[in-house]
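One structure is given here, and the rest of the page talks about it.
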Amino acid sequence: FDEEMIETLFGYNLKNSARNEEARNRSSPPSKHVLDPKRLQNITILSKALNASPEQVCYALMQ
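Numbering (the working numbering) for the sequence shown: 369 to 431.
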(Lines of atoms letter the chains of each structure in order from A and count residues from 1; the text may use other names and numbers.)
(Lines give C-alpha, C1' and ligand atoms only; values in the text may rest on other atoms or scores of the structure.)
Protein backbone atom coordinates (compact mmCIF):
# COMPACT_ATOMS: atom_id res chain seq x y z
CA PHE A 1 0.00 0.00 0.00
CA ASP A 2 1.16 3.50 -0.78
CA GLU A 3 0.58 5.45 2.43
CA GLU A 4 0.90 8.83 0.73
CA MET A 5 -1.76 7.96 -1.84
CA ILE A 6 -4.11 6.68 0.87
CA GLU A 7 -3.57 9.84 2.91
CA THR A 8 -4.24 11.96 -0.18
CA LEU A 9 -7.46 10.11 -0.91
CA PHE A 10 -8.82 9.80 2.60
CA GLY A 11 -6.88 12.41 4.58
CA TYR A 12 -8.48 15.31 6.38
CA ASN A 13 -7.61 18.61 4.71
CA LEU A 14 -7.28 21.28 7.41
CA LYS A 15 -7.18 24.23 5.00
CA ASN A 16 -10.46 23.33 3.30
CA SER A 17 -12.14 22.48 6.58
CA ALA A 18 -11.21 25.90 8.00
CA ARG A 19 -12.77 27.59 4.96
CA ASN A 20 -15.91 25.50 5.27
CA GLU A 21 -16.16 26.37 8.96
CA GLU A 22 -15.82 30.09 8.14
CA ALA A 23 -18.57 29.84 5.54
CA ARG A 24 -20.86 28.10 8.03
CA ASN A 25 -20.20 30.72 10.71
CA ARG A 26 -21.09 33.65 8.45
CA SER A 27 -24.64 34.67 9.00
CA SER A 28 -26.76 35.05 5.92
CA PRO A 29 -28.64 38.31 5.51
CA PRO A 30 -32.15 38.11 6.92
CA SER A 31 -34.68 37.33 4.24
CA LYS A 32 -38.17 38.76 4.07
CA HIS A 33 -41.07 36.38 3.64
CA VAL A 34 -44.81 36.87 3.66
CA LEU A 35 -45.21 33.46 5.30
CA ASP A 36 -43.06 31.91 8.00
CA PRO A 37 -40.67 29.21 6.71
CA LYS A 38 -42.49 26.26 8.30
CA ARG A 39 -45.83 27.25 6.77
CA LEU A 40 -44.14 27.85 3.41
CA GLN A 41 -42.62 24.37 3.54
CA ASN A 42 -46.00 22.82 4.34
CA ILE A 43 -47.64 24.67 1.45
CA THR A 44 -44.89 23.50 -0.89
CA ILE A 45 -45.38 19.88 0.18
CA LEU A 46 -49.14 20.17 -0.29
CA SER A 47 -48.83 21.77 -3.73
CA LYS A 48 -46.50 19.00 -4.89
CA ALA A 49 -48.90 16.37 -3.56
CA LEU A 50 -51.82 17.99 -5.42
CA ASN A 51 -49.74 18.30 -8.60
CA ALA A 52 -51.36 21.65 -9.40
CA SER A 53 -49.80 24.39 -11.47
CA PRO A 54 -49.21 27.83 -9.92
CA GLU A 55 -51.91 29.24 -12.21
CA GLN A 56 -54.43 26.69 -10.94
CA VAL A 57 -53.56 27.55 -7.33
CA CYS A 58 -53.96 31.30 -7.98
CA TYR A 59 -57.30 30.73 -9.70
CA ALA A 60 -58.54 28.54 -6.83
CA LEU A 61 -57.51 31.14 -4.25
CA MET A 62 -59.33 33.92 -6.08
CA GLN A 63 -62.59 31.94 -6.25
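Glycine included, C-beta positions come from ideal geometry on N, C-alpha and C.
Continuous alpha helix (DSSP H) stretch holding Q409: start and end: Residue mapping note: residue 409 aligns to position 41 of the sequence shown, counting from 1. Unbroken alpha helix (DSSP H) run through Q409: P405 to L418.
Kindly give me the distance between the Cβ atoms of S415 and V425, rounded to whole angstroms, as I take these residues to be in contact under 8 Å. One-based indexing of the sequence shown puts residue 415 at position 47. One-based indexing of the sequence shown puts residue 425 at position 57. That pair is a contact at about 6 Å.
Beta-carbon separation of A420 and A428 under 9 Å? Taking the first residue of the sequence shown as 1, we reach residue 420 at position 52. Taking the first residue of the sequence shown as 1, we reach residue 428 at position 60. Yes, the Cβ-Cβ distance between A420 and A428 is below 9 Å.
Between which two residues does the alpha helix (DSSP H) harbouring Q431 extend? Counted from its first residue, the sequence shown places residue 431 at position 63. Element bounds for Q431: n/a, residue is neither H nor E.
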